[in-house]
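Residue numbers (my numbering), protein chains in the order written: chain A, 1 to 658; chain B, 1001 to 1658; chain C, 2001 to 2658.
Glycine residues also receive a C-beta, built at the ideal position from the N, C-alpha and C atoms.
Note that the structure is a prediction, hence the values are computed from the model and not measured.
Let me begin by presenting the structure, written as structure tokens, before commenting on it.
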Amino acid sequence: MLYYGGDYNPEQWPAEVWADDVALMRRAGVTAVTVGVFAWARLEPAEGRYEFGWLDRVLGLLHRAGIRVVLATPTASPPPWFSLAHPDALPVTAEGVRLCHGSRDTYCVSAPAYRAACRRIARALATRYGGHPALELWHVHNEYGTRCHCEHVATAFQRWLEDRYDTLDRLNEAWSAAFWSQWYGDWAQVLPPRATQYLPNPTQLLDFRRFLSDELLAAFTEQRAILREFAPGVPVTTNFALGDWVPVDHARWAREVDIVAIDHYPSAPGRTADEETALAGDLARSWARAAGRPWLLMEQAPGVVYTGRRMVPKAPGQLARHSLAHVARGSRGVMFFQWRAPRGGAERFHAAMVPHAGPESRVYREACELGALLGRLSTVDEPASAGVAILWDAQSWWAGEGPGLPSADPRYFDAVAAAHRVLWRAGFAIDFAGPEEDLSGYRLVVVPSLYLVTDAAADNLRGYVAGGGHLVVSFFSGIADADAQVRLGGYPGAFRELLGIRVEEFHPLAPDEPVALSTGDSGSVWSEYLHLAGAEAVASYAGGPLDGLPAVTRHGYRAGVAWYLSTRLDDTAHGRLLTGAAHAAGAAPVCAGLADGVEAVRPSGDGPLFLLNHTDQPVTVPASGVDLVTGRSVDGAVKLSAGGFAIVQERSPHIDPP
Amino acid sequence: MLYYGGDYNPEQWPAEVWADDVALMRRAGVTAVTVGVFAWARLEPAEGRYEFGWLDRVLGLLHRAGIRVVLATPTASPPPWFSLAHPDALPVTAEGVRLCHGSRDTYCVSAPAYRAACRRIARALATRYGGHPALELWHVHNEYGTRCHCEHVATAFQRWLEDRYDTLDRLNEAWSAAFWSQWYGDWAQVLPPRATQYLPNPTQLLDFRRFLSDELLAAFTEQRAILREFAPGVPVTTNFALGDWVPVDHARWAREVDIVAIDHYPSAPGRTADEETALAGDLARSWARAAGRPWLLMEQAPGVVYTGRRMVPKAPGQLARHSLAHVARGSRGVMFFQWRAPRGGAERFHAAMVPHAGPESRVYREACELGALLGRLSTVDEPASAGVAILWDAQSWWAGEGPGLPSADPRYFDAVAAAHRVLWRAGFAIDFAGPEEDLSGYRLVVVPSLYLVTDAAADNLRGYVAGGGHLVVSFFSGIADADAQVRLGGYPGAFRELLGIRVEEFHPLAPDEPVALSTGDSGSVWSEYLHLAGAEAVASYAGGPLDGLPAVTRHGYRAGVAWYLSTRLDDTAHGRLLTGAAHAAGAAPVCAGLADGVEAVRPSGDGPLFLLNHTDQPVTVPASGVDLVTGRSVDGAVKLSAGGFAIVQERSPHIDPP
Amino acid sequence: MLYYGGDYNPEQWPAEVWADDVALMRRAGVTAVTVGVFAWARLEPAEGRYEFGWLDRVLGLLHRAGIRVVLATPTASPPPWFSLAHPDALPVTAEGVRLCHGSRDTYCVSAPAYRAACRRIARALATRYGGHPALELWHVHNEYGTRCHCEHVATAFQRWLEDRYDTLDRLNEAWSAAFWSQWYGDWAQVLPPRATQYLPNPTQLLDFRRFLSDELLAAFTEQRAILREFAPGVPVTTNFALGDWVPVDHARWAREVDIVAIDHYPSAPGRTADEETALAGDLARSWARAAGRPWLLMEQAPGVVYTGRRMVPKAPGQLARHSLAHVARGSRGVMFFQWRAPRGGAERFHAAMVPHAGPESRVYREACELGALLGRLSTVDEPASAGVAILWDAQSWWAGEGPGLPSADPRYFDAVAAAHRVLWRAGFAIDFAGPEEDLSGYRLVVVPSLYLVTDAAADNLRGYVAGGGHLVVSFFSGIADADAQVRLGGYPGAFRELLGIRVEEFHPLAPDEPVALSTGDSGSVWSEYLHLAGAEAVASYAGGPLDGLPAVTRHGYRAGVAWYLSTRLDDTAHGRLLTGAAHAAGAAPVCAGLADGVEAVRPSGDGPLFLLNHTDQPVTVPASGVDLVTGRSVDGAVKLSAGGFAIVQERSPHIDPP
């Protein structure tokens, strides 16, 4: 069974609506819903007083309808009574503002009262529902990621730092605390980053994000232990929010959940949403693969939500295409936020499977069609590796942003997304891998702007290339060590020998200041005063202060090859370079000859070939077998309508086209 | 007598200047000045110690010069001694910052100490001056509109909510408090909107604005009671500030003042200022009319103040034209902020009737000319209705802004201003009316983006059209009910039947994303996935995801007609549509055939016809009678100079041109 | 000996690096380094416990290498232990946020505990090192300029105000405190500017900046007294930071230091950096001259730091050119921040003489070349006056910015920089002078937008022109008096008679709203409704509301001439006007006929002629003598390479070219 359904909030509706909900769910082919997220105030309306009656009824209704339940612990939003009783458990901003209830997530994860209350409600739910026949999965909390700077956090941060550094001398050294007289003489002097006069300490910022990730994880595992105790055998997860604001290292967390669950909300409509969907799916499946876990798209919206200013519906067909892009990558199903659009509350205009217009709507009809289709599919394994990986490291991301860098413009996530985007457009299946992971299975590894690189990661990459691997590193990589301290002697300290170059100076570019290259391409954002030290120049700067100096280099290193990009190439040139490198390394796209905007995903094992047409024109794609969408036989070619798709169970083992 | 004068602050000047002031006032034809706004610290320099001597002298001087006095209570700015003695009466921001004295309006309206101090100074003034022969009008406070989020406010808000909702269950339902675990178990848990982690509750925001309006009104009526007690028969008012920041429902307040008084500062120069002047005048007179009150322009500036960054003088003649635009609409006079430009203080560069340059100045000369002209005019009744009304509702405004809406771009005030502007340009006299007001007297009613609509208002509009009325509703109207909860089943829930349409999805547009229409016009800001359900399509979308779907519709409903605009038309197309609808409804402009930029206002009763030439070219306008400006006879046509005007007392009852 | 070196922070490095540092310093020709800035936590790791051992060793190493020591007191950054022990000494923002340690400058200068701790560490350093043979100069603190709004500051501000105003009546009058009921009845009611409801009081803002400058100066002189007591004869200074945020009146402070020291970081690369360098050098030498002090460039960077978003290296040669631009103006040397780029800390990417790449780098090589060159030069006297001065007044700057002005756009510093820039481009040597300084030595005095003018300054300028001086005043000058109160009767109140004009109204222009002039030039930012009252119009407005009215005027006043610019001319027209006025006044450029972008600085006395080619083309400049750079003889002309320079010791007394 594939999971299909969404967040279901019966507590927001009169009981009369529930039967209608279940009927509509069945019509839509819903197999599972997430219940209880943010329901704390309705489950425990006063400290220690529980009201489970309504939830008993809801779970009963769902069970009788054959709908499985993903049961949430509601700890992401403590009720108003909790905040009033424990004001010290309200979060405090870096400026010292103690936030107030009235939204969600108003808690301090380090506050003892909050943690105790979480354990209590988790235990109450586990006791009551741990053996419920509808229970499929525990969903702890929601989108862990809040921050606080209060005294509870200060104490917890100090303990975490003691664990990490053992001695203050080591911390002072790691933080370069002699700078600006920040040298600490007592653990109690070390505080979370709070509003200060001028630039903060970068390693303090980094360690605070590391700490927060671990502290939030401890809150998760604490609940997990209780749930497992009372419901042995029921898997436990929490949903990962993607975004710069999330101080959580998902690759690390993936090892602690029984199924990796992500929420994905593209930031823009159209093709951007398609590309971001592929990126999110590839990240999630890679985190899951490395941790040996399955994965699941836990939340997406039937509409696209723009950050802040505007919401737009998904275009016809896009809902199914995005969903299948995830399933093709191994997602155990397709879940939405949310089942039914609410009448009020802050997210009243958030898209839903049953919108304000009700079931007489395009969205609900598309949801029904998708449900029917998914009912005919089984879980597919994750895609076969194409031998191409992009390195991903949350801690390097955190370290490479913030004040005091040579430029605020080279954003890590943008660099990663650009590399993924151009390879995805070229039709490659793309893995993400951690910098210290075994890379020997890959033909090509791409390293976008990996600012912080540990010694072990540097060794790992050196070994990978020495063993015959092909590597493409882009600027602002390998600059700092595990303490976010700059590696000396010429940039990029971690990779000088491997890349056969030495960079003496950064020349960041202004937003409207492109730099021409000898190839006719142009770079932006960044340039460098670079010396060859073994590598050859593949492209040089043309004009400007770096005229004639190398811009892109290639270095034969032992059995392998290491490329370096000292500027940001535009997508076309970037794609040409990465595609060329991939082909030279022996990697190939999933299918040859696909039109631009047509995506092919082929699961490993004997799963079907997913073909998704993201364009607004019909296309024909070579394939043979049976289209699981139409049930029709496909003989040599399948026609995809504009925005359409096919899922071809191929007849014979796949043979790469010549 | 028409009021003519301005805010007069003798306390800012040495007594030597006062005689000069009075002499210049007489030369300028000043008939009334507002005294005592912000004078608290000079009237009560320490708690309970009063210094009325200077005010005695000033009132005496004015009285002897025949200048009437609008006497203010100074409660908009408590003195420093008050703030130091009562720090709990200083306002607190949503972030918890307690503001400090050093500006104006630093008080919490719910603080008992502040309210007591207000009553005390009001009583002291009323006792001393209630019988003063120069006293014409009480001016309570100044521009009510401050906010606070402190504990006093929390308590008052809780009491207000108890009054409104009676039970917590009802509040929880109205606020959709089950969402995000906000369910309240005790009134003490319900707080003003304060800084919180993420999106706030929209109905909490709305109710807080409603509460603030009522709370400020209570502070006003408390002073009014004291003034009436000691000075029976003297009318009492307070000046209304216009602007998004003002959490005051002026239509509601109009019923509590003896004369509706507004302050009007256009936000931009040139034609925009002319249009905003007409809009402000029409709003004020409509509030006054509905409340059965006269009205008065209490403050305008001899210069235009741009929000924040720049001040510019009014163009020659603009001062008189703006003033007459108000008088023509029934304003009982023309008052300025301010009489004399001060040497220091935060508003030292605010324009004044006597500028820094002194009486040897264009501004003072224009003020003298205007005074002379007004001296020859009497109060005019408000304009005869042209049968065209635009709906106005402050609470809908408040509800339709804030986070979490489908788009941040459709601003209520902009939509209202656009409808007013295009009808004004077409020469119509325009009323504003409340959504629950009797509309049967109107031929055309325009409803711009009225997000929140009560059931009573929906019934009212249905009845209006059923009875033969013509209605034009624009997008994002009728979406929510009185609790700001979305009406289900398809948008616009309140008007589906009336408009003969059903909207399934909103498609808000990006700022630079116009949408083409089948008529050749284009829309912006918004578009919709709209089904006809009785209505006919007047224009359709051309291209894009909504290609071919209806954009503008027309629905014959019983004896009337209901139009719907699902996108924002540009001014030209918008004007064409509204003008066409008005003509079809049997409404006509004030005068036919006026050139663009020439405004005609004809008061009801036998008042004169005001003709204002806002263009920089001379124009000729058909009219007959006597021009009260020049005293000359007008025979068939009057010539207006560039930027000029005429006030024609017509000879015979007006006959509409064919 | 010229100072050559930079900030040296051995406490950030293991002792093994120190020997390498000294060796590299010697190779680079370093003569002096600044030690101990921000080293408080390493010198006094716990209250009263000192660790001087490392500093003893460092000073010994330096001394043995012949490198002089500028020894800093480290009081700009109290250690964490101090902040924890004295939370009341942490600074508080205007919004009431108490800042936290973790950066630099987290102290309240008015906190008794902070001042006591400063005296203690200064005394400890003075006692130990006052007689050290390497000690060259005391460097107190670093870049004084922090602000605080706490209760300690309130008390100190009240005392300062009592000193200034003597009586509350006088303060109330100066502050126009009757406005908005701000009248004070007790000194305790007068507070620093803190977050308030609306616009703050402008004179309160001004006095607070005046107070801060004096308060910070008191903290400086307190340390100075201790250092002088224990190290008589050793000069004492502190480095001046330039920038709008600095609430310090440098002209006033110059009289309190033994050598005027400035830090200079241009805000943009390329020619802008060259122009800003000349401006900074001219400001510093003018402050020093007026105070009878030498001066020194205490900090610059080997790279250009853009505010906030981006850092770029200096172009090849720019480091030397900027350095020589300062030396040519009399700087006693060239100091950098910093010697060696650190591995961590907030400024890890700040440029350094020894960059991350190490000594094998362009930057270190250029530093060595510069050191060698400076080793061949001696201190030069400041440039001979060309008879051209621009008025500079920090207090007028402060008064002319802030809310409530006619426009936010005419920025004082921009106006000063524009006047300097166009005169510098035309080759003039430019002095800065205070408004009350004796100006009789100048032929031309330029007064850019000097909003606040004391009566004494107005008299001074009147006397200057009456005595034959030539004066160019630009708009928004002479508006306010010493209390920042507007001078009445027509603008510019201080200069009406002198300029022979009377301005009735300001017409500030929108950012994209140029105004045409009769000369074909155009103005921006500002325009005025101006009457001639003795002056003649040199240019008039063409079109717009001021069509035909005077824009630029010239007034023969007694023996002199006074020009007035009522709009901001573009650089070309501005340069033409100022150059014309300068020539008419009898002033001449340093050298005639220099190409655009070539700078000549000729020190007074018998110093050499500095020729700096800021262009990217080689140029030839007429000169005769010996080039101290190459040692070669120059006969009639010297060729400067692109970006290059020459320092020509001329053979014979200079004769101006015909």
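Sequence-distant residues of its chain with Cβ nearer than 8 Å to Ser-2396 (chain C) (five each side left out): By one-based count along the third sequence, residue 2396 (chain C) stands at place 396. Only Tyr-2412, Pro-2435, Leu-2450, Tyr-2451, Leu-2452, Val-2453 meet the Cβ criterion.
Segments assigned alpha helix (DSSP H), at least 4 residues, entirely inside the segment 1008-1083 of chain B: 1015-1028, 1040-1043, 1053-1064
Given 8 Å, three or more beta-carbon pairs between the segment 2236-2250 of chain C and the segment 2367-2379 of chain C: no
Contact set between Leu-2055 (chain C) and chain A, taken where Cβ atoms lie within less than 7 Å: Here residue 2055 (chain C) is taken as the residue at index 55 of the third sequence, counted from 1. Near Leu-2055 (chain C) there are no residues of chain A at all, since even the closest Cβ is about 13 Å away, more than 7 Å.
Start and end residues, alpha helix (DSSP H) containing Thr-454 (chain A): Indexing the first sequence from 1 puts residue 454 (chain A) at position 454. That residue, Thr-454 (chain A), is in no alpha helix (DSSP H); it is neither H nor E in DSSP.
Reduced DSSP secondary structure (H/G/I, E/B, other) of Asp-2627 (chain C): Looking up residue 2627 (chain C) in the third sequence gives position 627. Strand at Asp-2627 (chain C).
Beta carbon proximity, Thr-1106 (chain B) to chain E, threshold 8 Å: You won't find chain E in this structure, because its protein chains are A, B and C.
Own chain, CB closer than 7 Å to Ala-426 (chain A), minus 5 neighbours either side, in chain order: Walking along the first sequence from the start, residue 426 (chain A) turns up at place 426. So the qualifying residues of the chain are Gly-575, Thr-579, Pro-589.
Residues that Leu-2146 (chain C) contacts on chain A, provided the C-beta gap is smaller than 7 Å: Residue mapping note: residue 2146 (chain C) aligns to position 146 of the third sequence, counting from 1. What sits at residue 2146 (chain C) in the sequence shown is Thr, not Leu. Correct list: Gln-197.
Simplified DSSP assignment, three categories, for Ile-1259 (chain B): If you number the second sequence from 1, residue 1259 (chain B) lands on position 259. If DSSP states are grouped into helix, strand and coil, Ile-1259 (chain B) belongs with coil.
Bridge partners - Ser-1110 (chain B), DSSP secondary structure assignment: Residue 1110 (chain B) sits at position 110 when you count from the first residue of the second sequence. Answer is none; Ser-1110 (chain B) lacks a bridge partner.
Beta-carbon spacing of Arg-2340 (chain C), Val-2354 (chain C) below 8 Å: Counting from one through the third sequence, the residue named residue 2340 (chain C) turns up at place 340. Counting from one through the third sequence, the residue named residue 2354 (chain C) turns up at place 354. A contact, by the Cβ cut-off of 8 Å.
Cutoff 7 Å; reference Phe-1208 (chain B); Cβ partners in own chain excluding five residues on either side: Taking the second sequence and counting its residues from 1, the one referred to as residue 1208 (chain B) is at position 208. The residues are Phe-1157, Pro-1192, Pro-1193.
Coarse secondary structure for Tyr-4 (chain A), derived from DSSP in three states: The residue labelled residue 4 (chain A) in the question sits at position 4 within the first sequence. Three-state result, Tyr-4 (chain A): strand.
Ordered list of beta strand (DSSP E) runs contained in the segment 2560-2618 of chain C, each at least 3 residues: 2560-2565, 2598-2601, 2609-2613
According to DSSP, residues forming a beta bridge with Trp-1295 (chain B): Counting from one through the second sequence, the residue named residue 1295 (chain B) turns up at place 295. B:Val-1260, B:Ser-1331.
Distance between Ser-2083 (chain C) and Leu-2059 (chain C) (C-alpha atoms, nearest Å): Taking the third sequence and counting its residues from 1, the one referred to as residue 2059 (chain C) is at position 59. Taking the third sequence and counting its residues from 1, the one referred to as residue 2083 (chain C) is at position 83. Their Cα atoms are separated by approximately 29 Å.
Touching by the beta-carbon criterion (3+ pairs, under 8 Å), the segment 291-299 of chain A and the segment 1487-1495 of chain B: no
Range covered by the beta strand (DSSP E) that runs through Arg-1425 (chain B): Taking the first residue of the second sequence as position 1, residue 1425 (chain B) is located at position 425. Careful: Arg-1425 (chain B) lies outside any beta strand (DSSP E), inside the alpha helix (DSSP H) at 1412-1425.
DSSP three-state assignment for Pro-657 (chain A), whether helix, strand or coil: Residue mapping note: residue 657 (chain A) aligns to position 657 of the first sequence, counting from 1. Because the pLDDT at Pro-657 (chain A) is just 45, under 50, the model does not fix this residue reliably, and the value given afterwards should be weighed accordingly. Here Pro-657 (chain A) sits in coil by DSSP.
Nearest-angstrom Cβ-Cβ length linking Val-1022 (chain B) and Leu-1062 (chain B), presumed shorter than 8 Å: In the second sequence, counting from the first residue as 1, residue 1022 (chain B) sits at position 22. In the second sequence, counting from the first residue as 1, residue 1062 (chain B) sits at position 62. That pair is a contact at about 7 Å.
Beta-carbon gap between Leu-471 (chain A) and Ala-562 (chain A) smaller than 8 Å: Looking up residue 471 (chain A) in the first sequence gives position 471. Looking up residue 562 (chain A) in the first sequence gives position 562. Closer than 8 Å, so yes.
Leu-1125 (chain B), DSSP secondary structure in three states: Taking the first residue of the second sequence as 1, we reach residue 1125 (chain B) at position 125. DSSP places Leu-1125 (chain B) in helix when its eight states are reduced to three.
Asp-455 (chain A): contacting residues in chain C (beta-carbon distance under 7 Å): Looking up residue 455 (chain A) in the first sequence gives position 455. Simply none; closest approach about 15 Å.
Nearest residue (CA-CA) to Pro-2316 (chain C), options C:Glu-2044, C:Thr-2615, C:Met-2001: Taking the first residue of the third sequence as position 1, residue 2316 (chain C) is located at position 316. Minimum Cα distance to Pro-2316 (chain C) is reached at C:Thr-2615.
Presumed contact (8 Å Cβ cut-off) between Val-552 (chain A) and Leu-532 (chain A), rounded CB distance: Locating residue 552 (chain A) in the first sequence gives position 552, where the first residue counts as 1. Locating residue 532 (chain A) in the first sequence gives position 532, where the first residue counts as 1. About 12 Å; that fails the 8 Å criterion.
8 Å Cβ cutoff met for Ser-2176 (chain C) and Gln-2485 (chain C): Working through the third sequence from its first residue, we reach residue 2176 (chain C) at position 176. Working through the third sequence from its first residue, we reach residue 2485 (chain C) at position 485. Result yes, Cβ atoms of Ser-2176 (chain C) and Gln-2485 (chain C) sit closer than 8 Å.
Terminal residues of the beta strand (DSSP E) in which Tyr-529 (chain A) lies: Here residue 529 (chain A) corresponds to residue number 529 of the first sequence, with the count starting at 1. Start and end: 528-532.
Proximal chain A residues relative to Gly-1548 (chain B), where beta-carbon distance stays under 8 Å: Residue 1548 (chain B) sits at position 548 when you count from the first residue of the second sequence. Correct list: empty, because the minimum Cβ distance to chain A is about 14 Å.
Buried/exposed call for Pro-653 (chain A), threshold 16 Cβ in 10 Å: In the first sequence, residue 653 (chain A) corresponds to position 653, counting from 1. Confidence at Pro-653 (chain A) is low in this model, with a pLDDT of 49, below 50, so its placement is unreliable and no value can be given for it.
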